[in-house]
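Worksheet: one structure, shown below.
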């Protein structure tokens, strides 16, 4: 039907919905328990049953680069049919709206159908790669930020977009996901809802209903974000397929602050004004002399964000939650030139605490030697037992001791070899004297 309407509108090119046969009757989404059945709307699908994903033989190996390329195809698809049909996103959007008005098919249904087509094209070739991304839908979406950095964009424009784009999926309530797409392309809103629905169906056998929140009524803390973003509400119809989310608390037990300070000695809790609400014991000892008891300390006074390359603001950090953070502790009382290499970097992650609209940083120092640890005013006891940094430092010290022992053994062997060379002439003379005394000199 969409192809026929395109002919009526006198638009040249192949329709991106050419693989989908239309039907006039509006109805609900088709239910199916099969893994390989896409939840395409009946308004667009009709009664054709030959649109199931046809798995192509893909020889791509599963590695970081191939996974990143597969995710890039979903976020920034190379839709040659769409490019031939439309010059820009505005024209495609206008045609879809005209088609929606002429057929009484909701615009949301068309955007989902286009996203299903985009996902199906990628799934036919890279389905075995997409299945290793995450164990649940929210894990799959939250992995986009890191995996996109492993792809190879074809153009500088796409590379810039991949660097700016960010996806955040919050799983706070049972059966309800909030997906926020930061810095999207103009065409993203025309297909990404279908990407979410197809991923839930094909990868996790979950039926979901995706709705784009235009006004941002349910965005909560995301509502104050002034960056371009798209907000989606995803209602999970099959709650049995949900995995427990770490953002949902199932008990009301309280953890003493003293235990939190000692267990996570390098944690930082920030409010929306980027003020330090609390810090761990390890940072408290290092920054204690710089803190002013009359006012709350600001993040920028003592820390700087090394990576990712963003401003130290609450909203900018919120857009990059699924990225590894490296924070640098600023030096006070001495310039960096006076003590080069003595700055301390913290590597970890940022966690959004929606119940108090705060950011929690959990990390540990970026060191691998004991002298690097002590050179920054820290001790091995400052590293908690659960932290793998203890093992890294201890293994480094053990390797260092083994290397020293190996060098000493080599020197000892060399010294013994030289001593043996000096003893050879003396041993020869002794053997000659013993032989002549027994057999005579003539023999």
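Residue numbers (the working numbering): 2 to 444.
Positions of the beta carbon are idealized from the N, C-alpha and C atoms, including for glycine.
All of these numbers come straight from a predicted model, not from anything done at the bench.
Contact belief for residue 70 with residue 189 at Cβ below 8 Å, rounded distance in angstroms: About 18 Å separates the Cβ atoms of residue 70 and residue 189, ruling out a contact at the 8 Å cut-off.
Short Cβ contact (7 Å threshold) for residue 191 with residue 181: No Cβ-Cβ contact shorter than 7 Å links residue 191 with residue 181.
At least three beta-carbon pairs within less than 8 Å, the region 345-360 to the region 270-278: As far as the Cβ criterion goes, the region 345-360 touches the region 270-278, which means the pair count is three or higher.
Where residue 25 falls, given that 16 or more other Cβ within 10 Å makes a residue buried: Annotation note: pLDDT 40 at residue 25 (below 50); position unreliable, coordinate value reported separately. Burial call: exposed.
Endpoints, the beta strand (DSSP E) within which residue 384 is located: Run containing residue 384: none; DSSP gives neither H nor E here.
Other residues of its chain near residue 88: CB distance less than 8 Å, five sequence neighbours each side excluded: Note that residue 88 scores 46 on pLDDT, short of 50, meaning its location in the model is unreliable and no value can be drawn from it.
Chain B contact for residue 188 (CB, 7 Å cutoff): The chain inventory of the structure shown lacks chain B, comprising one protein chain alone.
Same chain, Cβ closer than 7 Å to residue 120, five either side skipped, listed in chain order: Excluding residues within five positions, the ones whose Cβ falls inside 7 Å are 75, 195, 196, 199, 200.
Beta-carbon proximity list for residue 159, same chain, < 7 Å, skipping 5 on both sides: Same-chain partners within the cutoff: 77.
Option in 128, 370, 319, 371 with minimal Cα separation from residue 354: For residue 354, the closest C-alpha among the options 128, 370, 319, 371 is that of 319.
Cutoff 7 Å; reference residue 162; Cβ partners in own chain excluding five residues on either side: The answer, listed in chain order, is 77, 186.
Residue 257, buried or exposed, once every other Cβ within 10 Å from all chains shown has been counted against 16: Counting Cβ neighbours within 10 Å, residue 257 comes out exposed, since fewer than 16 surround it.
Inter-residue Cα distance where the pair is residue 106 and residue 115: For the pair residue 106 and residue 115, the Cα-to-Cα distance works out to about 13 Å.
Residue 274 classed as buried or exposed, judged by whether at least 16 other C-beta atoms fall within 10 angstroms: Residue 274 counts as exposed, since fewer than 16 other C-beta atoms from the protein chains shown sit within 10 angstroms of its C-beta.
Integer-rounded CB distance, given that residue 327 should sit under 8 Å from residue 308: Taking a contact as a CB-CB distance under 8 Å, the pair residue 308 and residue 327 counts as one, their CB atoms being some 5 Å apart.
Chain-order list of residues whose beta-carbon lies under 6 Å from that of residue 171 (same chain, five-residue window excluded): Contacts found: 179.
Residue 309 in three-state terms, based on DSSP: Residue 309: coil per DSSP, three-state reduction.
Residues bridged to residue 181 (per DSSP): For residue 181, which the question treats as bridged, DSSP gives the partners 169, 232.
Outcome for residue 389 when other beta-carbon atoms lying within 10 angstroms are tallied against a minimum of 16: So residue 389 counts as exposed.
Check whether residue 138 and residue 205 have beta carbons under 7 Å apart: Between residue 138 and residue 205, the gap from beta carbon to beta carbon is short of 7 Å.
Alpha-carbon spacing of residue 237 relative to residue 113, whole angstroms: Answer to the nearest angstrom: the Cα atoms are 16 Å apart.
Rounded separation between residue 345 and residue 285 - CA only: Going from the Cα of residue 345 to the Cα of residue 285 covers about 14 Å.
Neighbour-count burial assignment, residue 1, 16 or more Cβ in a 10 Å radius: Here the chain comprises residues numbered 2 to 444, so residue 1 is not present and cannot be evaluated.
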